[in-house]
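Participant:
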Amino acid sequence: MKIAKKYRRDDTGVALLVALFTVAIIALFGGVLAAISVRELKSSVSVNRASSALGIAEAGVQHGLQQIRQVGPFTTGLSALVPDKSADGFGRWMNPTDPKLPPSGADQFQGQLGTGGYSAYIIAMDPVDMPDKPQGLYKIVVMGTESRNAAVRQGTRQVEQDIEVQARDLPYGLYAEDSIQAGGTGQIKNMSVYTGGDIYWRSKITFQGIDQFNGGPTAAHAVGVIYRGNGKKGESNGPIHPPYANCEFPYDRDSKGGLYPVPWPCSPVPAPAYSPFSSKFDSSMLPTDSDGLTEEVYEALKQSAISSGTYFTHAANSTLVIQSPDLAPVKSKGIKFFVLYVDVTGTGAVSVKTGWGPQSIPPNPCDGSFGLIVIRGGDLRWENNEYWWGAAFVPEGEFSGAGSSQFVGTVMAKTIGSTGNITFSMDDCWQATIPGAFFSVHKLRWHERDR
10 MKIAKKYRRD DTGVALLVAL FTVAIIALFG GVLAAISVRE LKSSVSVNRA
60 SSALGIAEAG VQHGLQQIRQ VGPFTTGLSA LVPDKSADGF GRWMNPTDPK
110 LPPSGADQFQ GQLGTGGYSA YIIAMDPVDM PDKPQGLYKI VVMGTESRNA
160 AVRQGTRQVE QDIEVQARDL PYGLYAEDSI QAGGTGQIKN MSVYTGGDIY
210 WRSKITFQGI DQFNGGPTAA HAVGVIYRGN GKKGESNGPI HPPYANCEFP
260 YDRDSKGGLY PVPWPCSPVP APAYSPFSSK FDSSMLPTDS DGLTEEVYEA
310 LKQSAISSGT YFTHAANSTL VIQSPDLAPV KSKGIKFFVL YVDVTGTGAV
360 SVKTGWGPQS IPPNPCDGSF GLIVIRGGDL RWENNEYWWG AAFVPEGEFS
410 GAGSSQFVGT VMAKTIGSTG NITFSMDDCW QATIPGAFFS VHKLRWHERD
460 R
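To convert, note that position 423 of the sequence shown is 432 in the numbering used here; the numbers rise steadily by one, no gaps.
In structure tokens, the structure reads:
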């Protein structure tokens, strides 16, 4: 018995080695799992930052779209320059002379969103050239950054949005939906007059030049009847047609018109210079957007006026007078384009007795000034002797005038009344500064530049 006990093995050391080996294996796997977890966490954070940066970049795209919808597609003045002229402090634009600068000719803007932000530019690929080419292609390029910390490279995304801009088919001249009642000694230069109804006192309107939008002589066009006077019986008051080639008003067209005679009896412009060789006019010949702006556009214009401090309401039966001090919010900020918007909820009217824009014709320089007047639910009385560059929309009321002012641009109203001694005109500067309300914007191709 004693001999057997002498040769028995002692296994206590082996157990200890197995235990240590097991702990080592567990620790090794634990380290591997921890490393994988850290890597996955970092990857997840990177993905989240990239996703956040992409959302920020998309906000920059929307900013760019809003810029064009408000101030128009003409790149000068689209937006303010980025202060440091760089993409986001460390990003790279594809400019061959300086990678931190957008391409030459691009308009830049920026915005902040939480801890991140975006820097962007808009560049014309195939720009609008009014009135010869009333649509064009533009590109919005945005760099979105989840964090403004330059060390966080994973939080940056660049995107592009191609857009098509197309001019609305509006009557770029004087347009009254119902009727025009001329008066005074008003003059109309380089644009025409349109109405869905009748024109009275045509003899009091003097036209000059060539219509810059339809290419023909400036003239009056009515779906109804054009009367030389007040429409009462008598040659001096009755319709101007027939004869169809009335050499007193040789290019006017209305429902009573007909084919021009050949040879053309009037001078100085021969009949072939004016298509369609007829003085007949009907509703199908009006611009397709003669109904005016959409409610969506009007709402956007209202919001623009609210933001610039030039939105007013008028609930009384009196006349609300808009004078130069009322434009102080935009004048003090040096704003070139603004909207004067008045909601009339009473039975009163709005009188404008102030000017806007260059104080000369032609302007020197053409600085992009443009004032857009919107009167909803009431009348607009134009009662000043100053210059105004822009447009007026009075969709439910009458545009009537007095004084000897210069109005450069388009007027669209329910009716147009006495125009006093106002001179209405159109020129190249106006065509080069038309704001976004006159255009529709359609999104085309979108993609990420860094993918």
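Yeah, the Cβ is synthetic: ideal placement off N, Cα and C, and Gly gets one too. Here the structure is a predicted model, which is why all the values come from computation and not from measurement.
So, helix, strand or coil for Q7, using DSSP?
Facilitator: In the structure as shown, the chain starts at 10 and stops at 460, and residue 7 therefore has no counterpart that could be examined.
Participant: Spell out a yes or no on whether the region 204-218 and the region 451-459 are touching, meaning 3 or more CB-CB pairs, one atom from each, closer than 8 Å.
Facilitator: no
Participant: So, helix, strand or coil for Y307, using DSSP?
Facilitator: DSSP places Y307 in helix when its eight states are reduced to three.
Participant: Go ahead and pull the three-state DSSP assignment for F448.
Facilitator: Three-state DSSP puts F448 in a strand.
Participant: Which residue comes first and which comes last in the beta strand (DSSP E) that contains K148?
Facilitator: The continuous beta strand (DSSP E) containing K148 extends over residues Q144 to T154.
Participant: Grouping DSSP H, G and I as helix and E and B as strand, with all else coil, what is S462?
Facilitator: Absent from the structure is residue 462, since the part of the chain shown begins at 10 and ends at 460.
Participant: Using 8 Å as the Cβ pair cut-off and three pairs as the minimum, do the region 386-402 and the region 341-357 touch?
Facilitator: yes
Participant: By the three-class DSSP mapping on this structure, what secondary structure does V137 have?
Facilitator: coil
Participant: Shortest alpha-carbon distance to Y130 belongs to which of D138, Q167, M139 and T303?
Facilitator: Q167
Participant: What's the C-alpha gap between I331 and G364?
Facilitator: 10 Å
Participant: Please list the terminal residues of the continuous beta strand (DSSP E) segment that includes D207.
Facilitator: D207 to Y209
Participant: Please name the residue in Y203, L329 and S316 whose C-alpha comes closest to that of A422.
Facilitator: Closest by alpha carbon: Y203.
Participant: How many Å lie between G205 and G164 at the Cα?
Facilitator: 57 Å
Participant: Counting only runs of 3+ residues fully inside the region 321-367, write out the beta strand (DSSP E) ranges in chain order.
Facilitator: The qualifying runs are 328-331, 346-353 and 358-361.
Participant: Going by DSSP, what residue range makes up the beta strand (DSSP E) through D388?
Facilitator: Per DSSP, D388 belongs to the beta strand (DSSP E) from D388 to E392.
Participant: Which runs of the beta strand (DSSP E) spanning at least 3 residues fall entirely within the region 208-276, listed in chain order?
Facilitator: 215-217 and 229-231
Participant: For T31, which three-state DSSP category applies?
Facilitator: Here T31 sits in helix by DSSP.
Participant: Beta carbon of I7, beta carbon of T432: below 9 Å?
Facilitator: Look at the range of the chain in this structure, 10 to 460, and you will see that residue 7 is not part of it.
Participant: Closest to I425 by C-alpha separation, out of S128, E308, P252 and G193, would be which residue?
Facilitator: G193
Participant: Does the Cβ of L268 have 16 or more other Cβ atoms within 10 Å, making it buried, or fewer, making it exposed?
Facilitator: exposed
Participant: If you draw a straight line from the alpha carbon of M152 to that of Y127, how long is it in whole angstroms?
Facilitator: Going from the Cα of M152 to the Cα of Y127 covers about 5 Å.
Participant: According to DSSP, simplified to helix, strand and coil, what is M435?
Facilitator: coil
Participant: Ignore the nearest five residues each way along the sequence and tell me which others in H72's own chain have a CB closer than 6 Å to its CB.
Facilitator: G120
Participant: Take the Cβ of H323 as the centre, count every other Cβ of all protein chains shown within 10 Å, and call the residue buried at 16 or more, exposed below.
Facilitator: A residue is called buried when at least 16 other Cβ atoms come within 10 angstroms of its Cβ; H323 meets this threshold and is buried.
Participant: Excluding the 5 residues preceding and the 5 following H456 in the sequence, name in chain order all residues of the same chain whose CB lies nearer than 8 Å to its CB.
Facilitator: V168 and E169
Participant: What whole-angstrom Cβ distance do N239 and D436 have, given they're in contact under 8 Å?
Facilitator: Not a contact, Cβ separation roughly 33 Å.
Participant: Buried or exposed: which applies to S88, given that a residue is buried once 16 or more other Cβ atoms fall within 10 Å of its Cβ?
Facilitator: With a pLDDT of only 42 at S88, under the threshold of 50, the placement of this residue in the model should not be trusted; the figure read from the coordinates follows. Result: buried.
Participant: Check whether the region 135-149 and the region 175-190 touch, using three or more Cβ-Cβ pairs below 8 Å as the test.
Facilitator: yes
Participant: Suppose you measure from the CA of Q117 to the CA of E186; what does that come to, to the nearest Å?
Facilitator: 40 Å
Participant: If you measure between the beta carbons of S378 and F346, is that distance less than 9 Å?
Facilitator: yes
Participant: In the DSSP assignment, find the beta strand (DSSP E) that holds I189 and state where it starts and stops.
Facilitator: Run containing I189: L183 to Q190, per the beta strand (DSSP E) assignment.
Participant: Mind checking which residues open and close the beta strand (DSSP E) that includes M294?
Facilitator: It is not in any beta strand (DSSP E) - M294 carries neither H nor E in the DSSP assignment.
Participant: Taking the C-alpha atoms as reference points, what is the distance between V339 and G81?
Facilitator: 18 Å
Participant: By the 10 Å Cβ neighbour count, where 16 or more other Cβ atoms means buried, how is M4 classified, buried or exposed?
Facilitator: The question about residue 4 has no answer, for the chain in this structure spans 10 to 460.
Participant: Which one of N326, K362 and Q312 has the shortest CA to CA distance from L336?
Facilitator: K362
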